[in-house]
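Numbering (the numbering used here), first residue to last: 70 to 127.
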């Protein structure tokens, strides 16, 4: 589902993804996110155990 979303996002402004769900730091998701980072679809990816500790920047 994430891969389908990222594939459909191609050609738009790069995304900054923030999550507190540890599933997204697993090897499969890490490889997927890095693939789309190198393709310019994902700008940043940040995992934080606590949402309040994420520093948002524009």
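Every residue gets a Cβ at the ideal spot worked out from N, C-alpha and C, and that includes glycine.
Taking a 10 Å sphere around the C-beta of residue 119, we find fewer than 16 other C-beta atoms and assign the residue as exposed. Assigned with DSSP and collapsed to three states, residue 85 falls in strand. Residue 98 sits in a helix when the DSSP states are folded into three classes. By the Cβ-count criterion, residue 102 is buried, with 16 or more other Cβ atoms from all chains shown falling within 10 Å of its own Cβ.
Annotation for residue 109: 83 place their beta carbon closer than 8 Å to its own, counting only its chain and skipping 5 residues before and after.
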